[in-house]
Structures are given as C-alpha cells and as structure tokens.
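Per my numbering: the sequence shown = residues 60 to 365.
Even for Gly, the Cβ is constructed at its ideal location relative to N, Cα and C.
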Amino acid sequence: MTRQARTYPPAPRPAGARGFTLVELCVVVVIIGVVTAVAIPQLIPLIAFSEIDGEARRLAGYGSALVAEAALFKTPLTVRVDLDKQEYHTIRLVYPEQEEADAAAMEGAQGGTAAGAASAGAAGAKKPAGDQMAMLREYAKSSGMSPAQMSNALAGQAKNDPRLRGMLPQGFDQELADEQMNDKFARFSRNILETRAKNVKHDEGFLDEIGPLFEKKFTLEEEKPVEEELGDPVLMRRKLPEGLRIESVSVNGERKGRGMVEFEVSPLGMDQVTGFHIVNRDGEYMTVWWDPLTGRGVSRAGKLDI
Numbered sequence: 060m061t062r063q064a065r066t067y068p069p070a071p072r073p074a075g076a077r078g079f080t081l082v083e084l085c086v087v088v089v090i091i092g093v094v095t096a097v098a099i100p101q102l103i104p105l106i107a108f109s110e111i112d113g114e115a116r117r118l119a120g121y122g123s124a125l126v127a128e129a130a131l132f133k134t135p136l137t138v139r140v141d142l143d144k145q146e147y148h149t150i151r152l153v154y155p156e157q158e159e160a161d162a163a164a165m166e167g168a169q170g171g172t173a174a175g176a177a178s179a180g181a182a183g184a185k186k187p188a189g190d191q192m193a194m195l196r197e198y199a200k201s202s203g204m205s206p207a208q209m210s211n212a213l214a215g216q217a218k219n220d221p222r223l224r225g226m227l228p229q230g231f232d233q234e235l236a237d238e239q240m241n242d243k244f245a246r247f248s249r250n251i252l253e254t255r256a257k258n259v260k261h262d263e264g265f266l267d268e269i270g271p272l273f274e275k276k277f278t279l280e281e282e283k284p285v286e287e288e289l290g291d292p293v294l295m296r297r298k299l300p301e302g303l304r305i306e307s308v309s310v311n312g313e314r315k316g317r318g319m320v321e322f323e324v325s326p327l328g329m330d331q332v333t334g335f336h337i338v339n340r341d342g343e344y345m346t347v348w349w350d351p352l353t354g355r356g357v358s359r360a361g362k363l364d365i
C-alpha cells in the first residue's frame, strides 16, 4: 500500500491585507533622498571639525608622551617640526662608547664582582646582556605600551604591586636600571660640559710659553653622536592628512610659519612654552599648547594666543 503526498491549499489572506505598490515604494525612496540631501550638508562641517579636533588631540598627546619618554629614560630628546612637509618627529642623540669605558667594563667582567661591574657602568660602559633600559625600550616597542603605562608599571614595581609589576619584561632589575640611568645622565652632563669647553676661546698667556704640561697631548675631541629617530607607536613620525596643516609654531614666544622648527625636551621636562596653530580647508582653527609646568599637552578650539 503506497501513501500519497497530501497537498494543502494556500492560507487565505486576511481581509483588507495588500502589498505595497510600485508607486508607494517610489514615494518612500524619494522621501529618503530628500531627507538625506537636507541632512548631509549639515553633517559635513561636523565631520570636518571632528577631523581637525582629532589631529589637535593627537598633537597634544604627542607632547605629553614626549615628556614622559624623556623623564622615563633620562634622555634628552629633540623635536623637529617641518612646516614645509607638514610632518613632525623626534630624535635622540646616541653617543658612541669610549675606549676607557670599554676597558673598565672588561676589567669588571674578568673580576666577576659586582663592584667591578658597577664601576664599569659608572664609567659609561654598555653591557648588552644587562642593559636594562634597552630591554625596557625594546619591550615597550614590542608590547605597544606608552611611556605613561611604562611609568605606571615601574611605579607598581617600586610599590611591590603584583598587578603592575607583571607588566614589566622578564628579568628586569629595577635597581640596576636606576644605576644605569644615573650613569647615563652623568655621561650626558659630561658631554655637554666638554662640548662647551671646546667652544671656549683662549687668548695667548704665559702658559703658552711653558709648553705642554703632560707628555700625552690632551684633547676633548671625540666621536660625534649619532641621531636616532624614535620608533615608539605614540612618538613615531607623523604627517598631517590632506586638508590639515600646522600654520605656525611658537617656541618661547618666537613664532615661525615655514621651514624647520627644532627644540629640545630634557629629562627634567620642557623649559619653554610651545604652541601650535592647526587649520583646515574651511579656515577652522585648533590651538595646541605643550605646558612646561604640567608636562602635558592641551588643545582648544579657535585661533588663540600661543
């Protein structure tokens, strides 16, 4: 016995129910088009202003991260703003190691004592295996942590906070890092003093007739430092998008509207007020300040005094 498939009649439509006609659909499309045509011109200025506001906030955050980077690694940084190319970036000077420092480091390694290693570090030697700041810098690049987050992690380790201490790389030694940073800062101060001493002009005196006081000729000449551009995600080179430009930069009251503007941020912070005017195609302005007192960047709408 074979079973036959049963067919069911379609369900009856409710009384009064009907679909949309083509005319009704066209009317709806026309209404949507009219509303869009009226709303879009009102939204375009908001979109343009949000773009310049975002760029101003980015520049303000760049200044805050710059101060944190210099203070964290105790390294003087140089900011360069190219008003012709409409881009800005930061460099640091890397000084080559001296032969005396390398010899001291070798003696400390052969002695195998902590005192020898400490004296080698004080002489300015670079220990590749134990360079804590290099380890911290590479970890910051790989993890994408900002200088402010890295500072919080270091503060957490100092307070023995397990949550923040776990953010630091494996094998990081806080005490050794402090020693290396102090040595680096002392070496930087010495280089500045030596550079200033080389620029001093000496007049002829009675010592010129005596001759050299030492058998070995004394000289302050040394290898020139090498410029290294920062590659941190927050502090990497930034070029302004199309339609936006930095109109002028003011450093300690001196304003420039073209060319290269260059100024320094020391490990102790900024020693001058720095201001920027950013403008878009519609003539809308944003003003950015890097405040030396707070070490933070601030942005405000409008063309204000810098």
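- Sequence-distant Cβ neighbours of V138 in its own chain, meaning closer than 6 Å and more than five residues away, are T149, F322.
- Here N339 carries a strand assignment [DSSP, helix/strand/coil].
- Close CB contacts of D143 within its chain, under the 7 Å cut and outside five residues either way in sequence, are with R317, G318 (chain order).
- In the DSSP assignment, no residue is bridged to T80.
- Distances from the CA of A236 to each of L213, M226, R246 were compared; the closest alpha carbon is that of L213.
- With contacts defined by Cβ atoms closer than 8 Å, L299 and E146 form a contacting pair.
- Across the set D112, G120, V88, the C-alpha of G120 shows the shortest separation from the C-alpha of W349.
- Exclusion of the five residues before and after V308 leaves V140, K315, V320, F335 as the residues of its chain whose Cβ lies within less than 6 Å of its Cβ.
- The alpha carbon of N311 has as its nearest neighbour, out of P284, T80, V285, D364, the alpha carbon of D364.
- Closest in C-alpha terms to M345, from the list V357, K362, Q331, M329, comes K362.
- M295 and L289 have their C-alpha atoms spaced approximately 6 Å apart.
- Ranked by how close their Cα comes to the Cα of A129, the residues A360, A115, S358, G354 have G354 in first place.
- Contact annotation, L118 with G356: C-beta distance approximately 7 Å; criterion of less than 8 Å satisfied.
- Taking the C-beta atoms as reference points, M194 is found nearer than 8 Å to P228.
- In terms of Cβ geometry, E287 and V153 form a close pair [threshold 8 Å].
- Collapsing the DSSP output to three states places V88 in a helix.
- Where F322 is concerned, the enclosing beta strand (DSSP E) starts and stops at 319 to 324.
- Counting C-beta atoms within 10 angstroms of its own C-beta, Q239 has 16 or more neighbours from the protein chains shown and is therefore classed as buried.
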